[in-house]
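There are 2 protein chains.
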Amino acid sequence: MARIVMKFGGTSVAGIERLRIVAERVKREVDAGHQIAVVVSAMAGETNRLVDLCREAAPLHDLREYDAVVASGEQVTSGLLALCLQNIGVTARSFQGWQVPIHTDGLHGQARIERIDPDLMVQRMEEGHVCVCAGFQGIADTGRITTLGRGGSDLSAVALAAALKADRCDIFTDVTGVFTTDPRIEPKARKLDQITYEEMLEMASLGAKVLQTRSVAAAMTHGVRLQVLSSFEDQPGTMVVDEEEIVEKQVVSGIAPSRDEAKITLVKVADKPGVAAAVFGPLAEAAINVDMIVQNVSEDGKSTDMTFTLPRGDLDRAVAVLEKSRADIEYERLIADADVAKISVIGVGMRTHTGVASTMFAALAERGINVQVISTSEIKVSVLIAEEYTELAVRALHAAYGLEAAAGK
Amino acid sequence: MARIVMKFGGTSVAGIERLRIVAERVKREVDAGHQIAVVVSAMAGETNRLVDLCREAAPLHDLREYDAVVASGEQVTSGLLALCLQNIGVTARSFQGWQVPIHTDGLHGQARIERIDPDLMVQRMEEGHVCVCAGFQGIADTGRITTLGRGGSDLSAVALAAALKADRCDIFTDVTGVFTTDPRIEPKARKLDQITYEEMLEMASLGAKVLQTRSVAAAMTHGVRLQVLSSFEDQPGTMVVDEEEIVEKQVVSGIAPSRDEAKITLVKVADKPGVAAAVFGPLAEAAINVDMIVQNVSEDGKSTDMTFTLPRGDLDRAVAVLEKSRADIEYERLIADADVAKISVIGVGMRTHTGVASTMFAALAERGINVQVISTSEIKVSVLIAEEYTELAVRALHAAYGLEAAAGK
Chain A
76 MARIVMKFGG TSVAGIERLR IVAERVKREV DAGHQIAVVV SAMAGETNRL
126 VDLCREAAPL HDLREYDAVV ASGEQVTSGL LALCLQNIGV TARSFQGWQV
176 PIHTDGLHGQ ARIERIDPDL MVQRMEEGHV CVCAGFQGIA DTGRITTLGR
226 GGSDLSAVAL AAALKADRCD IFTDVTGVFT TDPRIEPKAR KLDQITYEEM
276 LEMASLGAKV LQTRSVAAAM THGVRLQVLS SFEDQPGTMV VDEEEIVEKQ
326 VVSGIAPSRD EAKITLVKVA DKPGVAAAVF GPLAEAAINV DMIVQNVSED
376 GKSTDMTFTL PRGDLDRAVA VLEKSRADIE YERLIADADV AKISVIGVGM
426 RTHTGVASTM FAALAERGIN VQVISTSEIK VSVLIAEEYT ELAVRALHAA
476 YGLEAAAGK
Chain B
76 MARIVMKFGG TSVAGIERLR IVAERVKREV DAGHQIAVVV SAMAGETNRL
126 VDLCREAAPL HDLREYDAVV ASGEQVTSGL LALCLQNIGV TARSFQGWQV
176 PIHTDGLHGQ ARIERIDPDL MVQRMEEGHV CVCAGFQGIA DTGRITTLGR
226 GGSDLSAVAL AAALKADRCD IFTDVTGVFT TDPRIEPKAR KLDQITYEEM
276 LEMASLGAKV LQTRSVAAAM THGVRLQVLS SFEDQPGTMV VDEEEIVEKQ
326 VVSGIAPSRD EAKITLVKVA DKPGVAAAVF GPLAEAAINV DMIVQNVSED
376 GKSTDMTFTL PRGDLDRAVA VLEKSRADIE YERLIADADV AKISVIGVGM
426 RTHTGVASTM FAALAERGIN VQVISTSEIK VSVLIAEEYT ELAVRALHAA
476 YGLEAAAGK
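Going line by line, the protein sequences match chains A and B. Per this note's numbering, the very first residue in the first sequence carries number 76; after that it's consecutive. Per this note's numbering, the very first residue in the second sequence carries number 76; after that it's consecutive.
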């Protein structure tokens, strides 16, 4: 007997027919003798509909009212799934965030879970009830409904799994697991049986939108064993676990491409103290998130070139900000480039294995791909390349690290 | 300064454009210096949509889950109206049933309000906030969401007005008030400035669907001054008040026609003790609500004819029940008639004035309308006639009691 939290996203619960499939999936775990809590999102499209109504009502809307309106989407799904479960003979009841209760701070629209009182839910589970919890929501100390921000249902599931001391938290999505790279780019991409939290965090923050970053971080903090799997196919997914749990470690687990990148180069920036602050201060004030930064060694001791990357959607704003600050920064020319992509090689094995970066550079050089910027972390090497080489680079690296083969390298 | 509860139904809140009109209406009362609580229904059509989803999920649905799903409709409207109010500079916040809290019994799907703790809402109103309360819902002692049954938002408004000790409870509808009769039948029908609770109760139970019967009864019990008025036109409506408040009493306030009637006559029923029980027992068991009953004096001491009315939709079932019980009841023949209508003359003045019934019979006889069954109560005389005479009878009676004239008779 295990205690399992199962989370189903918007596509999996869009309509009664899909809820029936979800109910059958839950019933199989119940029949296997497990204690089950389910976390559900709003039906696909419903949250957008409610958000649009709020925007129409008041362009600058009070987030407390926004939360009351938007949380109703998950409320509906939780009740309907409980009904579908009862309809096939499974004892079930719904819980709203305030009924569990899931206590959050008062930051409406993007609240943080502070604590969960699991007693009532545990009692019901021990009586054999499936507890269907509305995701994405909680209650503030003021007694008002809060929501956790988009994608927050993953976080609800992980936090609930931690509070319930669940053996596993299964996140059902529309993919069958986490892959060595994007299968639309490299058909030889292979589903990973296991991945570490840290690798998953890098994958998520690099745009592999399987799991919300905050929920992976929470799972790591609380030691919740996560599984990513398909709600449409009945097969094991990818387990996200602690590094110690992985017996046969891969040096490299995956190749993550990101096209949401742009590059700015400031040519001949005055090489004087405080220039970095003059560049990045105004960008930070404009809430523009700068990623890779490279500053060349000054040749003449007077000026240098500075290059950095940022999300593509922020490029125009960033250029405007930097042109406004031109007098403070003192640069000769600004070059903006939206046609770049970031390719990252990720793997906890890098900590103990050398040669990962040089394998990367050799593979790219062999295909004539020019590396514009490099950045590294403990478990990741990222390079910026011209966007048109994205697919070629991904396939070259996938082969170079032998990721299509099942065995560890 | 008055304290007013304003209630808006589904048609008045169907979409943001209508909510803006409602918000303007509320603002006028705020600008006049009043303390305002608003009760809202779900947007027109929304409750039906949610009910259909529940039915699709589970034909025999758990009413606790049904309540959680269906209550979301009012939740959405309450938040959106608060946003629309804020958008025109009115301080406002939403309250769900459980946030007020509105305590109900545990009879899910048709719960009864047991008590309301008005302290938080009173505090907010005294601080100048408009409190927008989701109608139709409350919370049971179990901590689960309950709903009050269809049309329950009227009841929410009245109960809230009682708890808040409000000076008035304004029910905004799609008609401008309560009329002396149905204006679609008699164009000379006149809007009443005032009507007593008891008259309104008779009107409501006779099918004048302006106010839900339970809410009128609750208003009478708690002495809540109700006003029925239009949410689309800006003019005073009809005040529903205590008899003592009405200065110039009408003998007759209105003529209420009801076409939802059918008649059954049992010919030559055995005239023996227990026969009424043999007839009406099985009908009661089948949840068929019998209204007017007439039993003629037995001529031969052996058998009599028995006639009664019932809702038209129950006629076929009633006939089946009675044919099954034929041996017990012992009757010669059963005559079923769906082509009948009930016309009622209503007025508290009847208590002190005589001749109301005879005026009625004379007016009907003059038009050659045959009276099939008669029943009377303290403030009402009802007759059953052939349905085809409905309009003629209504107009004849409206004229006979001088209802088109504004002055009391």
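For glycine and all other residues, C-beta sits at the position ideal for the given N, C-alpha and C. These numbers were taken from a predicted model, which means no experiment stands behind them.
Short Cβ contact (8 Å threshold) for residue i with residue j
i             : j             : result
residue 314/A : residue 269/A : yes
residue 285/A : residue 253/A : yes
residue 256/B : residue 321/B : no
residue 312/A : residue 305/A : yes
residue 498/B : residue 184/B : Outside the shown range of chain B, which is 76 to 484, sits residue 498/B, and nothing can be said about it.
residue 300/A : residue 243/A : yes
residue 83/B  : residue 116/B : yes
residue 146/A : residue 206/A : no
residue 246/A : residue 232/A : yes
residue 137/B : residue 161/A : yes
Between the CA atoms of residue j and residue i - distance to the nearest angstrom
i             : j             : result
residue 482/A : residue 433/A : Unreliable placement is indicated for residue 482/A, whose pLDDT of 43 sits below 50; the coordinate value is still reported in the next sentence. The alpha-carbon atoms of residue 482/A and residue 433/A are separated by roughly 22 Å.
residue 369/A : residue 249/A : 38 Å
residue 450/A : residue 381/A : 14 Å
residue 186/A : residue 153/B : 21 Å
residue 443/A : residue 468/A : 10 Å
residue 384/A : residue 327/A : 24 Å
residue 420/B : residue 459/B : 12 Å
residue 359/A : residue 351/A : 12 Å
residue 466/A : residue 261/A : 8 Å
residue 484/B : residue 278/B : With a pLDDT of only 37 at residue 484/B, under 50, the local geometry of the prediction cannot be trusted, and the value read off the model is given with reservation. So the two alpha carbons sit approximately 20 Å from each other.
residue 356/A : residue 210/B : 50 Å
residue 401/B : residue 349/B : 14 Å
residue 90/A  : residue 144/B : 14 Å
Beta-carbon proximity list for residue i, same chain, < 7 Å, skipping 5 on both sides
i             : result
residue 121/B : 148
residue 173/A : 214 and 220
Contacting residues, own chain, Cβ-Cβ under 6 Å from residue i (five flanking each side not counted)
i             : result
residue 318/A : 271 and 423
residue 289/B : 230
residue 354/A : 404
residue 110/B : 78 and 200
residue 263/B : 479
residue 417/A : 333, 336, 457 and 459
DSSP-derived helix/strand/coil call for residue i
i             : result
residue 256/A : coil
residue 303/A : strand
residue 277/A : helix
residue 332/B : strand
residue 166/B : coil
residue 202/A : coil
residue 147/A : helix
residue 421/B : strand
residue 482/A : Confidence is the limiting factor: at residue 482/A the pLDDT is only 43, short of 50, which leaves the residue's position unreliable and the question unanswerable from this model.
residue 161/B : helix
residue 97/A  : helix
residue 454/B : coil
residue 183/A : coil
Own chain partners of residue i with C-beta closer than 8 Å, once the 5 adjacent residues on each side are dropped
i             : result
residue 463/B : 414
residue 204/B : 166, 167 and 168
Of the listed residues the options, nearest to residue i (C-alpha basis)
i             : options                       : result
residue 337/B : 398/B, 356/B and 367/B        : 367/B
residue 429/B : 259/B, 453/B, 129/B and 438/B : 453/B
residue 347/B : 330/B, 392/B and 375/B        : 375/B
residue 81/A  : 90/A, 99/A and 426/A          : 99/A
residue 180/B : 93/B, 188/B and 327/B         : 188/B
residue 379/B : 210/B, 364/B and 343/B        : 343/B
residue 303/A : 297/A, 340/A and 287/A        : 287/A
residue 88/A  : 151/A, 221/A and 467/A        : 151/A
residue 392/B : 410/B, 384/B, 351/B and 361/B : 361/B
residue 118/A : 92/A, 139/A, 104/A and 102/A  : 92/A
residue 472/B : 332/B, 400/B and 427/B        : 332/B
residue 485/A : 171/A, 211/A and 238/A        : One cannot answer for residue 485/A here, as it falls past the ends of chain A, which runs 76 to 484.
residue 95/A  : 129/B, 160/B and 334/B        : 129/B
residue 324/B : 174/B, 426/B, 390/B and 294/B : 426/B
residue 474/B : 435/B, 397/B, 131/B and 125/B : 435/B
Residue i at chain C interface by Cβ criterion, 8 Å
i             : result
residue 161/A : In summary, chain C is missing from the structure at hand, where the protein chains are A and B.
Residue i: CB within 7 Å of a non-hydrogen atom of the ligand COA
i             : result
residue 319/A : In the structure on display, the ligand COA does not appear, and there are no ligands present to speak of.
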